[in-house]
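Okay, so here's the structure we're looking at.
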Amino acid sequence: MVRVPQPDKPKIWVTVLDLKKNSISCINITMLTQDFPNIRHMDLRENPINCGVVKSISTRALHVISDCYSFNMTSTNSPITGGMQSIKLHPSDKPWINTNIKKLIAKRQRAWLTGHPSAYSFYRNKTTKLCSNPKKWWKNIKALSGFAKPSLPSCLYHDGEFKRGADLADLIAESFSKVSDDIPALSFTKLPITTIPNEFILSPQQVEYELSNIKVHKSVGPDAIPNWLLKFCVSFLSSPICSIFNSSIAQGAFPNTWKCADVIPISKVPNPKSADDDLRPISLTSVLSKILERFIYLWLLSSIHPHIVPYQYGNIKNCSTTHQLIHLIHHWLVETDKPENLIRSCMIDFSKAFDRIDHNILLMKLTNLDVPPILINWCANFLQDRQLRVKLGEIRSNWKQIKAGVPQ
Numbered sequence: 130m131v132r133v134p135q136p137d138k139p140k141i142w143v144t145v146l147d148l149k150k151n152s153i154s155c156i157n158i159t160m161l162t163q164d165f166p167n168i169r170h171m172d173l174r175e176n177p178i179n180c181g182v183v184k185s186i187s188t189r190a191l192h193v194i195s196d197c198y199s200f201n202m203t204s205t206n207s208p209i210t211g212g213m214q215s216i217k218l219h220p221s222d223k224p225w226i227n228t229n230i231k232k233l234i235a236k237r238q239r240a241w242l243t244g245h246p247s248a249y250s251f252y253r254n255k256t257t258k259l260c261s262n263p264k265k266w267w268k269n270i271k272a273l274s275g276f277a278k279p280s281l282p283s284c285l286y287h288d289g290e291f292k293r294g295a296d297l298a299d300l301i302a303e304s305f306s307k308v309s310d311d312i313p314a315l316s317f318t319k320l321p322i323t324t325i326p327n328e329f330i331l332s333p334q335q336v337e338y339e340l341s342n343i344k345v346h347k348s349v350g351p352d353a354i355p356n357w358l359l360k361f362c363v364s365f366l367s368s369p370i371c372s373i374f375n376s377s378i379a380q381g382a383f384p385n386t387w388k389c390a391d392v393i394p395i396s397k398v399p400n401p402k403s404a405d406d407d408l409r410p411i412s413l414t415s416v417l418s419k420i421l422e423r424f425i426y427l428w429l430l431s432s433i434h435p436h437i438v439p440y441q442y443g444n445i446k447n448c449s450t451t452h453q454l455i456h457l458i459h460h461w462l463v464e465t466d467k468p469e470n471l472i473r474s475c476m477i478d479f480s481k482a483f484d485r486i487d488h489n490i491l492l493m494k495l496t497n498l499d500v501p502p503i504l505i506n507w508c509a510n511f512l513q514d515r516q517l518r519v520k521l522g523e524i525r526s527n528w529k530q531i532k533a534g535v536p537q
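Per our numbering, residue 130 is the first one in the sequence shown, and the count goes up by one each step.
Written as structure tokens, this is what we have:
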């Protein structure tokens, strides 16, 4: 038997772009040439904050990305095209072998050939981690076991017809917004503020720390500012963002741009039939809004924590439902050890609890807990005139006004 040699399969060379390294450096260089608004802390404290200032930073930052990419993809002298690399792909490669893995394999082999054992171990471990991909493995296991996240609803039957696309998004948005129709809108008169305590004035270093810890894979809000832009360009953005934060706190004014939320409807059941009963809203707000909210949260917690009972386990740091169950079961077991004892438990579930929080009652309770007036003014403005729209893939509903509840 004569073995006929098989012809070599042709190799494919693919040109790839190292975005993480080259485009970030290019954007940083481009940021230096941008005429960002000259935002000064004292000016913003004295003059009313407006959404134009907030939007200008967002718009200019997004224009930097767009201009940088369009320039670098067409110019031969750009830093990005200088970072182009050619990756060799073979037809016999496994389907899960992508260009990132190929680049890591090449770096691993280069480190081995040049005699750098520490670099070789680093790239070897990184390559192994990408090849194993535990996140994808768990995703497949959950799908097989029936615990995978439900997909977004594609259609719902309502008023004798099936709603799809934009009509479905508007239907769900209307369902989420009408939950609070019977609750009175917030009526609040701003409290007088004579001085601003130093502990309520942020420094650029504090803002820079929060921006540098942003998780880039998290979803963005309606402003569409990429998380990686805020994180990797923190040295240029921390000062103007800090000034906006301080202005918002001092004036008790929250930018209307940050009061808007994209809502993702998550199904409570495998096959949702009703937008009112079978869907739960998950709000995606601006990342900058979340950072400012975190500062406010820490200040509020320091004021109200002495008033929180020790058996409160929800929304408390380092506490969870597990602690509550342990406490409950322990109490039951202690009582059942006593003769002739009975246990009666009353379980209460509030329907639409977070969606129906009355803002007037909330602010009254904050006032009774002796929360500083500067924080009460900010919270009141934060809760007023909030809007939501439902997002189904690339489809978005019209904006809807909400009078109660908090983003969740």
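All C-beta atoms, glycine included, are put in the ideal place defined by N, C-alpha and C.
- Around the beta-carbon of Phe479, fewer than 16 other beta-carbon atoms lie within 10 Å, marking it exposed.
- Note that the C-beta distance between Val519 and Ala302 is below 8 Å.
- By the beta-carbon neighbour count (other beta carbons within 10 angstroms, threshold 16), Ser449 is exposed.
- As summarised for the region 332-401, the continuous beta strand (DSSP E) elements at least 3 residues long and confined to that stretch are 389-396, given in chain order.
- Rounded to the nearest whole angstrom, the CA to CA distance from Gln516 to Val535 is 11 Å.
- Closest option to Asp406, judged by alpha-carbon separation, among Thr414, Ile395 and Ser412: Ile395.
- Boundaries of the alpha helix (DSSP H) harbouring Ile490: His488 to Asn497, taken from the DSSP string.
- Residue environment analysis places Cys475 among the exposed positions, since fewer than 16 neighbouring C-beta atoms fall within 10 angstroms of its C-beta.
- Per the C-alpha coordinates, the member of Tyr249, Pro399, Ser526 and Gln334 positioned closest to Ser364 is Gln334.
- If you draw a straight line from the Cα of Trp528 to the Cα of Leu492, it is about 26 Å long.
- Distances from the alpha-carbon of Lys397 to those of Thr256, Leu281, Lys255 and Gly350 put Leu281 closest.
- For Lys419, there is no enclosing beta strand (DSSP E); the enclosing alpha helix (DSSP H) has its first and last residue at Val416 to Ile433.
- CA-to-CA, the gap between Ser415 and Ile503 works out to about 23 Å.
- Residue burial is scored here from C-beta neighbours: Gly350 has at least 16 other C-beta atoms within 10 angstroms and is therefore classed as buried.
- In this structure, the alpha-carbon of Asp499 lies about 52 Å from that of Glu290.
- Contact check for Lys319 and Ser341: beta-carbon distance about 34 Å, past the 8 Å limit, so the pair fails to qualify.
- The alpha-carbon of His460 is positioned some 16 Å away from that of Glu469.
- Looking at Glu523, Ser306, Ile370 and Ser316, the one whose alpha-carbon comes closest to that of Glu337 is Ile370.
- The continuous beta strand (DSSP E) containing Arg518 extends over residues Arg515 to Leu521.
- Under the three-state reduction of DSSP output, Phe329 falls in the helix class.
- Per DSSP, Cys475 lies in no alpha helix (DSSP H) segment and is marked neither H nor E.
- Per DSSP, Arg237 is one residue of the alpha helix (DSSP H) stretching across Thr228 to Leu242.
- Annotation: the continuous alpha helix (DSSP H) that includes Glu303 extends over Gly294 to Ser306.
- Across the structure, Ala382 and His456 are spaced so that their CA atoms are roughly 42 Å apart.
- If you ignore the 5 residues before and after Ser348, its C-beta comes within less than 7 Å of the C-beta of Leu413, all in its own chain and listed in chain order.
- Secondary structure at Leu320: coil, using DSSP grouped into helix, strand and coil.
- Annotation: Leu512 is outside any beta strand (DSSP E); the continuous alpha helix (DSSP H) that includes it extends over Pro502 to Leu512.
- In summary, Glu464 is exposed, with fewer than 16 beta-carbon neighbours lying within 10 Å of its beta-carbon over all protein chains present.
- By the criterion of a C-beta distance shorter than 6 Å, Arg253 is surrounded in its chain by Arg237, once the five residues flanking it on both sides are discounted.
- In the three-state reduction of the DSSP assignment, Tyr440 falls in the coil class.
- The C-beta of His434 has fewer than 16 other C-beta atoms within 10 Å across all chains shown, which makes the residue exposed.
- Listed as beta-bridge partners of Glu290 by DSSP are His287.
- Going by C-alpha positions, Leu427 is about 46 Å away from His245.
- DSSP links Arg409 through a beta bridge to Ile395.
- Under the three-state reduction of DSSP output, Gln537 falls in the coil class, being neither helix nor strand.
- In its chain, beyond the 5 residues on either side, Cys448, His452 and Gln453 have a beta carbon closer than 6 Å to the beta carbon of Tyr442.
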